[in-house]
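Encoded as structure tokens, the structure appears first; notes follow it.
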């Protein structure tokens with residue numbers, strides 16, 4: 056699985072894609088809430104939870120999926136870097152792991168471009 060081009064690309068692009076999709080989902084969520092403000096202006100006092108909260112359940116589910124993709128990407132690329140023989144010669148393994156942890160998402164994308172795509176095109 057570590058050498059699969061699909062999984063390497065998925066875990067490199069997945070967290071960034073989930074960030075952008077999450078921002079879009081957040082704005083859609085806000086629009087749905089603001090569209091319900093007219094119904095809340097009525098003085099009836101009977102407000103349903105779905106009227107006030109909109110689709111918060113779907114938004115929370117999306118956030119949980121994004122967290123799972125991000126953690127999966129982190130674990131995948133830490134294991135990939137630990138098994139990379141090019142990084143064992145110097146301190147680059149520690150640098151990459153710290154980059155994965157502190158720049159989650161961007162670090163995996165940079166590693167994928169530099170260490171996998173560039174090495175694949177120049178070495179193979």
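Residue numbers (the working numbering): 56 to 179. Here a beta-carbon is modelled for each residue, glycine too, at the ideal position from N, C-alpha and C.
- With distances taken between CA atoms, residue 111 lies nearest to 83 out of 92, 83, 121, 149.
- Separation of residue 139 and residue 151 (C-alpha to C-alpha, rounded to the nearest whole angstrom) is 11 Å.
- For residue 143, the three-state secondary structure derived from DSSP is coil.
- Within the same chain, Cβ atoms closer than 8 Å to the Cβ of residue 114 are found at 80, 81, 84, the five residues on either side in sequence being excluded.
- With a threshold of 16 other beta carbon atoms within 10 Å, residue 66 meets it and is buried.
- With respect to residue 158, residue 148 sits apart: the two C-beta atoms are not nearer than 7 Å.
- For residue 120, same chain residues with a beta-carbon under 6 Å away, outside a window of 5 residues either side, do not exist.
- Here the C-alpha atom of residue 172 lies approximately 12 Å from the C-alpha atom of residue 58.
- Under the three-state reduction of DSSP output, residue 59 falls in the coil class, being neither helix nor strand.
- DSSP places residue 127 within a helical segment (H, G or I) once states are collapsed to three.
- If you draw a straight line from the Cα of residue 64 to the Cα of residue 166, it is about 11 Å long.
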